[in-house]
Amino acid sequence: MQKGFEIREYTRQDQQSFKKFYSTIENKKKQSQVLHALVQSQRAKRTWQAGIVGVIGIHISQWINGRLSFSSVPTIFLELILWSAGLGFVWYKLLCREYENKVQQAIERIPNELASIQKNEKSNAWVMVNNENEIVGTVALKFENGEGKIGYLTGQESQTRLQLVQNAFRFGRTNKIQVISKWGHEDSKCNFTIRTLIDRYPMHDLFSPTALDHDLTYVDKTRNIGLFVLPTQVSLLTRLTLLDLSHNKLVKLPSSLDQLRHLKHLNISHNRLTQLPSSIYSLCKLTHLDMSFNPFTRVSANLARLSQLNLLDLSNTEIIFIPAELLSLTMTTIRFENCHKLSEELNQKLQHNPVSLVENCARQIIQPILFDLIQGKKKKKDKRQQLLFQQLPKHILHYLSRPKACSSCGGPYFKSFVARYRIIQRQDESWIPIEYKLCSAHWNNEKDRILTLFSDAPQRYLPTTTEPCHLKLVPPSLQQQ
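So in this note's numbering the end of the sequence shown lands on 1129, straight run, no missing numbers.
Listed below in structure tokens is the structure:
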């Protein structure tokens, strides 16, 4: 708590003090808010455009009749400037009056709403006051529909806002509120919006590494706030069980998401994502993953490692095939609605190039290492093997550190694989194309595929596992290169 400040519950006696405080902070924002509203106002734009067209139209008609010469061009520009300035001033005054009326309505409404919130035992409102008992910040937590919603967060200093939000979270934890999200206030009938500061400063209030990482134990809903990048500090919120990042403009997710070890529900729908970080596949407690309405063209086979998934939503994406590994998620509901690029006709080529010498040698080297890792065997370090890896060029080490698993035998491959396809029927009678990536041509048709299920395991067979195998072939000093 800041020295000389106190957070206490809001009371009816605070109404006049709150009105004065709210009026002060809104008047400080008046100019910027009104100018922003003026830029966004479609009515002002149409009026300005009509005037410009009128001025130019008058002078064009004069030019056609021969009553206008080139010497009049500066006069035309002066008329356009005067029209724009005069119209801008008029609209500025109109929007100022509209803003003042809106603020006055809010000043009369909010104190009553803060008082009514406190009628619910799981809801409350607080004010922060200074030594002179003047309000310097407010926050409210309203419990409805099973959620605690934070709103009316005001305060000019970031530290004030943070302490108020922390107080609301502690109240929510004490009252066993499972989900806490933000509570917005918007009025679509006006060109500007009286919004809470939690809407304006969501990143600072929710992802500050010194503020809410120990208090935010339930959920963070940062949806529809125009995020392009998710701050890496989100990894500090290790107690999160639900993270809603939908309806933003995210193009990439941070690799530090694997720190959210308790995460069960992740919603990244309605963004601009084309791939997921590999760290996502380490979230072993994840039960709900919504990837819909993103321009994904491929889905990683590593999603099969999320064995606790109940729902995987891939609807309205641009995926073409589904990895065969996802068939192992037998208890998972996978949605594909409106994936218009899912192929119904497969052009399966039986011809393929043989693997390169580098690929073949890499498979021979890595297979026994992976086998021991999967089996959990702890073998004594082979000095000759260590010396071999130390002498290998950096690009070869990086090559060996990125094996992939065959969809049939589980054996390793790197860049060369044989693609095979099947179309399977789902329970809803829809047909889904499945892609197999094989280390060699184990089968060419459905009959061959069934026979391989009962044949002896190939030489490079590896047992299936949902656990990641951590290869430590590349020294830490070279991993960033």
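We put the beta carbon where it would ideally sit given N, CA and C, even for glycine.
As the structure is a prediction and not an experimental result, all values here were calculated from the model.
> residue 962 and residue 939 look like a contact to me (Cβ under 8 Å); what is the Cβ gap, rounded to whole Å?
Replying inline: 6 Å
> In its own chain, which residues sit with a C-beta less than 7 Å from the C-beta of residue 1016, not counting the 5 before and 5 after it?
Replying inline: none
> Between the segment 672–688 and the segment 738–747, are three or more C-beta pairs nearer than 8 Å?
Replying inline: yes
>> So, with DSSP's three-state summary, where would you put residue 1016?
In response: helix
> Can you tell me where the beta strand (DSSP E) with residue 774 in it begins and where it stops?
Replying inline: 772–777
> Between the C-alpha atoms of residue 1209 and residue 986, what's the straight-line distance to the nearest angstrom?
Replying inline: It is not possible to answer for residue 1209, since the shown part of the chain is limited to 649 through 1129.
> What are the boundary residues of the beta strand (DSSP E) that includes residue 655?
Replying inline: 654–657
>> Quick check on the burial criterion: 16 or more other C-beta atoms within 10 angstroms. Buried or exposed for residue 952?
In response: buried
> In angstroms, rounded to a whole number, what distance separates the CA positions of residue 704 and residue 682?
Replying inline: 29 Å
> How close, in whole Å, do the beta carbons of residue 1067 and residue 1052 come, if the pair is a contact with beta carbons under 8 Å?
Replying inline: Not confirmed; about 13 Å, so no contact.
> Taking residue 917 as the reference, which of 1069, 1056, 956 and 936 has the closest Cα?
Replying inline: 936
> Who does residue 1081 pair with in a DSSP beta bridge?
Replying inline: 1071
>> In this structure, how does DSSP classify residue 667 when only helix, strand and coil are distinguished?
In response: helix
> Below 8 Å between beta carbons: does that hold for residue 785 and residue 822?
Replying inline: no
> According to DSSP, which residues form a beta bridge with residue 1060?
Replying inline: 1053
> Once you ignore the five residues that flank residue 1142 on each side, which residues in its own chain have a CB closer than 6 Å to its CB?
Replying inline: Outside the shown range of the chain (649 to 1129) lies residue 1142, about which nothing can therefore be said.
>> Buried or exposed for residue 1011, going by 16 or more other Cβ atoms inside 10 Å?
In response: buried
> Does the beta-carbon distance from residue 972 to residue 1078 come in below 8 Å?
Replying inline: no
> Who does residue 818 pair with in a DSSP beta bridge?
Replying inline: Answer is none; residue 818 lacks a bridge partner.
> So, are the CB atoms of residue 657 and residue 777 less than 8 Å apart?
Replying inline: no
>> Am I right that residue 1080 and residue 941 are in contact with their C-beta atoms under 8 Å? What's the rounded C-beta distance?
In response: Going by Cβ atoms, the distance from residue 1080 to residue 941 rounds to 19 Å, so no, they are not a contact pair.
> In the DSSP assignment, what are the bridge partners of residue 786?
Replying inline: 775 and 802
> Quick one: what does DSSP say residue 858 is sitting in, helix, strand or coil?
Replying inline: For residue 858, the predicted structure reports a pLDDT of 37, less than 50, and the residue's modelled location is therefore unreliable. A value from the coordinates is still provided. Of the three classes helix, strand and coil, the one that applies to residue 858 here is coil, per DSSP.
> Around the C-beta of residue 913, are 16 or more other C-beta atoms found within 10 angstroms, so that it is buried, or is it exposed?
Replying inline: buried
> Can you give the Cα-Cα distance for residue 1044 and residue 1060, rounded to whole angstroms?
Replying inline: 16 Å
> DSSP puts residue 985 in a beta bridge; with which residues?
Replying inline: The partner list for residue 985 (beta bridge, DSSP) is empty, contrary to what the question assumes.
> Beta carbon of residue 927, beta carbon of residue 950: below 8 Å?
Replying inline: no
> Residue range of the beta strand (DSSP E) that residue 915 falls in?
Replying inline: 913–915
> CA-CA distance, residue 726 and residue 702?
Replying inline: 14 Å
> Going along the chain, which residues of its own chain have a beta-carbon closer than 6 Å to the beta-carbon of residue 864, five neighbours each way excluded?
Replying inline: At residue 864 the pLDDT is 48, less than 50, meaning the model places this residue with poor confidence and gives no usable figure here.
> Any idea if residue 721 is buried or exposed, counting beta-carbon neighbours within 10 angstroms, 16 or more meaning buried?
Replying inline: exposed
> DSSP beta-bridge partners for residue 1066?
Replying inline: 1086
>> Let me confirm a value: residue 897 is counted as buried when at least 16 other C-beta atoms fall within 10 Å, else exposed. Which label applies?
In response: exposed
>> For the ligand GTP, is there any heavy atom lying closer than 7 Å to the beta carbon of residue 959?
In response: What this structure holds is no ligand at all, so the ligand GTP is not there to describe.
>> Let me make sure I understand the geometry here. Which of 880, 651 and 957 has the alpha-carbon closest to that of residue 779?
In response: 651
> Apart from the five residues on each side of it in sequence, which residues of its chain come closer than 8 Å, Cβ to Cβ, to residue 627?
Replying inline: A query on residue 627 cannot be resolved here, the shown segment of the chain reaching from 649 to 1129 and no further.
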